[in-house]
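Residues in the sequence shown are numbered from 0 upward in steps of one, following numbering that gives the first Met the number 0.
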Amino acid sequence: MKNHSSGKGESGKNVSVSRVIQAQRSEIFSVLANPFLHAEIDGSGTVRGKIRGPDQLCLGDTFQIKMKTWNIPYRITNTVVEYEKDTLIAWSHFGKHRWRYQLSDGPEGTIVTETFDWAEAIWPKMIELFGYPSSHVPRMKETLEHLERFMLKP
0 MKNHSSGKGE SGKNVSVSRV IQAQRSEIFS VLANPFLHAE IDGSGTVRGK
50 IRGPDQLCLG DTFQIKMKTW NIPYRITNTV VEYEKDTLIA WSHFGKHRWR
100 YQLSDGPEGT IVTETFDWAE AIWPKMIELF GYPSSHVPRM KETLEHLERF
150 MLKP
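Laid out in C-alpha cells, this is it:
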C-alpha cells in the first residue's frame, strides 16, 4: 500500500519503517514467524534460505539461516527474544542487535513496523561505523514491500 512512517526510536539506537498491508494481522504474523519464508520476503538480498529450525517461531526458539553479505556466504543462528502472538516478534544473534516486527490494526489494514535495534549490541560503534542504521532503512522498506506482495498473492 504505502510507507506509513520512517524514523529513529527514542534510544537513538534503532531505525524503523512501517507499511500498511491489506491483510489480517494473524496471517502476516504467521509469515513473519515462519523462518522458511524469510528469504522470500527479504529486501536486503542477504537472506539465502537453507533454514534450520521450527516452521513457526515462539519465544526462545532458535533458527539458523544461510546468509551472504559483501559476497561472503555464512550461516547465522538467531534466537527469538521478543514474542507476542500476532503482535510482536524479534530475534537477535550473537551480536545482540535485534530485528523486530510489530503489527497493529489500522483503519486501512495492518500496520507492520520493522525495526533494526542495536541498543543492546555488543559492538554498537562498529554497527554505526559500517553505516548499517541508515543503509538498513531502504532495505527494510523493500522487505515490507516484498511482504505486501507475498500477502497479496492470489
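Ideal placement from N, C-alpha and C gives every residue a C-beta, glycine not left out. Nothing here was measured: the structure is a model prediction, and the numbers come from that model.
Check the Cα spacing between N13 and each of F93, Y100, W69, Q23: the tightest is with Y100. Out of R18, F35, S17, I40, the CA that lies nearest to the CA of K152 is found in I40. Between T76 and H92 a beta carbon distance of about 6 Å is seen, short of the 8 Å cut, so the two are scored as contacting.
Only residues of its own chain outside the window of five on either side were considered, and among them Q63 have a CB closer than 6 Å to the CB of R51, listed in chain order.
Scanning its chain for C-beta atoms nearer than 7 Å, with the 5 sequence neighbours on each side dropped, one finds around K67 the residues T45, R47, in chain order.
In the DSSP assignment, T142 falls within the alpha helix (DSSP H) that extends over 131-150. Spanning the alpha carbons of V79 and S133 requires a straight line of approximately 24 Å. In the three-state scheme derived from DSSP, where H, G and I count as helix and E and B as strand, K124 is classed as helix.
For E113, the secondary structure class from DSSP, reduced to helix, strand or coil, is strand. For F28, there is no enclosing beta strand (DSSP E); the residue is found in the alpha helix (DSSP H) stretching over 24-31. The C-alpha of L56 lies about 8 Å from the C-alpha of P34.
When DSSP states are grouped into helix, strand and coil, F93 belongs to the coil group. The beta strand (DSSP E) runs lying completely inside the segment 16-88 and spanning 3 residues or more are 46-51, 61-68, 71-83, given in chain order.
Pairing E83 with W98 gives a Cβ-Cβ distance that is not under 9 Å.
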